[in-house]
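To start, the structure itself, in structure tokens.
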Amino acid sequence: MSESGAESTGEAGPGGAVLWWERRRGVLLDGALALASAIECVVQSAVFAGRTGLPVVPTALFGGLAGSVLLVRRRWPLAVILVAIAVLPAQMGMGMAAVGLYTLATTEVPRRIIGVMASMVCAGTALVTFLLIEQDAGLREQPIPMWFKPFVAALFAVAITLPPVLLGMYVRARRRLVESLRDRADGLERELGLLAERAEERAEWARGEERRRIAREMHDVVAHRVSLMVVHAAALQAVAPKDPDKAAKNAGLVADMGRQALTELRTMLGVLRTEEKPREAAGAAGGEQESAADAAARLAEIAAAGRRGARGPRLSEVASLVDQSRAAGMAVELSVEGDPRGYAAQVESTAYRVVQEALTNVHKHAAGAAARVRLAHRDGEVAVQVLNEAPLGGGQPGAPAALPSGGNGLLGMRERVTALGGGFVSGPLDGGGFRVSAVIPDRDRSPAAPGVGLAS
């Protein structure tokens, strides 16, 4: 039911459990205590039998049996204390009472029960001690104050009772503390496991977000430039036999667009390589496996660095973008409302990419259709809208019949805009055309929420 002070650490012993003992060394300890208590009771019972005239052998056997009850102190500590109280009138069982009180105090029984048992042992010991002092003939002949005998009896009883109780309560408090610390350590271990799992999930999300960001950049860089190159190449093929000058001009445009696409790709790959070098250096210097939390933080830093490192396109370059589409044979009208402001780089880049992807979609899916680009500068936000008419039946001469499409253009635009807290709308018009509208808030300048897209 309880453990002694020497065994209160709660560690598993080398041997297995025996009956109610958790470890074999507990059996040896209790056996030694029971043997010592039995010897004490046998000696005291023999003295008691000689003083009272009782048979020595039966009295000694009874004392030895009473003292051996200490063997079950862990299982029934209350029984040990009650037996010790019962044999107190025979001036034996003092050690058994002390060990029993200690054992009871180490258990989880209510304190009031411990107090009652300790009071009974204390009162019995004081009474027996007082009677022994009274029977001492030598003390009777001496002039002793009346309070001396009760005082000595009470002092002896307290000295026998109080120390084992206090020691047992200390051991119980220490055991509770160890158990609470162990439970807390287990709880912290579980929490750390959960945090590691969540950090791994965040790291995986960051890696996926970075992959999507790179995919969007690659799509924006490649799709638009290559689509215009295909349009110009088709026109070059159609007009080369008839108009060599125009064919040479188209060839020059194709070369310029190819160079621009390569420049943007090199810039993007350069940023990625720059971000990779510090990570490799840190791995070589540390030599330790990166934790999930560190991986998540690093990936977030990479994503932020990627957005900061590469100089993205600006709103001032939208006019050049429109000119490129015009050079490819598209009728494009550009209108700008409001005064240009210094938006955040990511806001300008996102607005530019929306116009770029929308015009690319017109080249792909509405060859020969006229388009209109509207750019509105507002307080704390920028609005972009690209409208195109229904495609012509036969298309323009030399225009490609169809350009491949991965179906990710509109999705990429929506992801870009919503990532900045903006609103994005796209869909067909009643007349057969198509509309792409986005409102992007400039969070560095105004916390205002984005409004609805431009009216068609």
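Oh and the sequence shown: position 89 is 88 in numbering that gives the first Met the number 0, straight run, nothing missing. No residue lacks a Cβ here, since even glycine has one placed at the ideal position from N, Cα and C. From a predicted model like this one, the values you see are computed outputs, not experimental measurements.
Notebook entry, point to check: Is it a yes or a no for the region 162 to 175 touching the region 97 to 105, going by three-plus beta-carbon pairs under 8 Å?
Noted result: The region 162 to 175 is in contact with the region 97 to 105.
Notebook entry, point to check: Should Val435 and Val385 be called a contact, given that it needs their Cβ atoms to be closer than 8 Å?
Noted result: Yes, they are a contact pair.
Notebook entry, point to check: Quick one, are the C-beta atoms of Gly422 and Val438 less than 8 Å apart?
Noted result: Against a cut-off of 8 Å, the Cβ pair of Val438 and Gly422 comes out as a contact.
Checklist line | Extent of the continuous beta strand (DSSP E) run through Glu133 | finding: Careful: Glu133 lies outside any beta strand (DSSP E), inside the alpha helix (DSSP H) at 110 to 134.
Item checked: Meets three-Cβ-pair contact criterion under 8 Å: the region 155 to 162 and the region 124 to 131 -> Yes, the region 155 to 162 is in contact with the region 124 to 131.
Next item on the list: Provide the residue span of the alpha helix (DSSP H) that contains Pro76, from first to last.
Entry: For Pro76, the enclosing alpha helix (DSSP H) stretches over residues 76 to 85.
Margin query: For Gly341, report the span of its alpha helix (DSSP H) as first-last.
Written below: Here Gly341 belongs to no alpha helix (DSSP H), and DSSP marks it neither H nor E.
Margin query: Once the 5 residues before and after Leu358 are set aside, which same chain residues still bring their CB inside 8 Å of it?
Written below: His223, Leu320, Val321, Ser324, Met329, Val331, Ala370, Val372, Val385, listed in sequence order.
Notebook entry, point to check: Measuring CB to CB, does Gly30 end up less than 8 Å from Leu70?
Noted result: A distance below 8 Å separates the beta carbons of Gly30 and Leu70.
Notebook entry, point to check: Is Gln90 near Phe129, with beta carbons less than 8 Å apart?
Noted result: Not in contact: Gln90 and Phe129 (Cβ atoms no closer than 8 Å).
Check: Starting from Pro57 and walking both ways along the alpha helix (DSSP H), at which residues does that stretch end?
Finding: Here the alpha helix (DSSP H) through Pro57 covers 55 to 66.
Notebook entry, point to check: So what does DSSP say about Arg183, is it helix, strand or coil?
Noted result: Under the three-state reduction of DSSP output, Arg183 falls in the helix class.
Next item on the list: Assign Ala382 to one of two classes, buried (16 or more other C-beta atoms within 10 Å of its C-beta) or exposed (fewer than that).
Entry: Here Ala382 is buried, its C-beta having at least 16 other C-beta atoms within 10 Å.
Check: Any idea if Gly341 is buried or exposed, counting beta-carbon neighbours within 10 angstroms, 16 or more meaning buried?
Finding: Answer is exposed; the Cβ neighbour count stays below 16.
Item checked: Cβ-based burial, Glu469 [other Cβ within 10 Å; buried from 16] -> Residue 469 lies beyond the range of the chain shown here (0 to 455); nothing can be said about it.
Item checked: Extent of the continuous beta strand (DSSP E) to which Gly422 belongs -> For Gly422, the enclosing beta strand (DSSP E) has its first and last residue at 422 to 427.
Note to self: Please list the terminal residues of the continuous alpha helix (DSSP H) segment that includes Val416.
What the structure shows: Run containing Val416: 408 to 418, per the alpha helix (DSSP H) assignment.
Next item on the list: Compare the C-alpha of Glu209 against each of Gly420, Glu414, Gly430 and name the closest.
Entry: It is Glu414.
Notebook entry, point to check: Which residue or residues does DSSP assign as beta-bridge partners of His376?
Noted result: DSSP output for His376 lists Val381 as bridge partner(s).
Notebook entry, point to check: Would you report the Cα separation of Leu32 and Glu200, rounded to the nearest angstrom?
Noted result: Separation of Leu32 and Glu200 (C-alpha to C-alpha, rounded to the nearest whole angstrom) is 58 Å.
Margin query: Please report the straight-line C-alpha distance between Val42 and Ala83, rounded to a whole angstrom.
Written below: Going from the Cα of Val42 to the Cα of Ala83 covers about 15 Å.
Checklist line | Phe150, buried or exposed, once every other Cβ within 10 Å from all chains shown has been counted against 16 | finding: By the 10 Å Cβ count, Phe150 comes out exposed.
Checklist line | Leu374 burial status per 10 Å Cβ neighbour count (16 or more: buried) | finding: Flag for Leu374 reads buried.
Check: What is the DSSP secondary structure of Trp20, counted as helix, strand or coil?
Finding: Reduced to three states, the DSSP call for Trp20 is strand.
Margin query: If the criterion is Cβ atoms closer than 8 Å, does the pair Ala96 and Val120 meet it?
Written below: Going by C-beta atoms, Ala96 is nearer than 8 Å to Val120.
Check: How would you label Pro146, buried or exposed, when you count the other beta carbons within 10 angstroms and need 16 or more for buried?
Finding: Pro is not the amino acid found at residue 146; the sequence shown has Trp there. Looking at its Cβ environment, which holds fewer than 16 other Cβ atoms inside 10 Å, Trp146 is exposed.
Margin query: Taking DSSP's pairing of strands, which residues face Pro440 in a bridge?
Written below: For Pro440, DSSP records a beta bridge to Glu380.
Check: What do you get for Val56, buried or exposed, if any count of 16 or more other CB atoms within 10 angstroms of its CB means buried?
Finding: By the Cβ neighbour-count rule, Val56 is exposed, with fewer than 16 other Cβ atoms within 10 Å of its own.
Next item on the list: Just tell me which of Arg23, Leu193, Leu419 has its CA closest to the CA of Ala350.
Entry: Ranking the options by Cα distance to Ala350, first place goes to Leu419.
Note to self: As a quick exercise: from Leu194, Glu380, Leu428, Asp429, pick the residue whose alpha carbon is nearest that of Val416.
What the structure shows: Of the listed residues, the one whose Cα sits closest to Val416 is Glu380.
Item checked: 8 Å Cβ cutoff met for Gly99 and Ile112 -> Not closer than 8 Å, so no.
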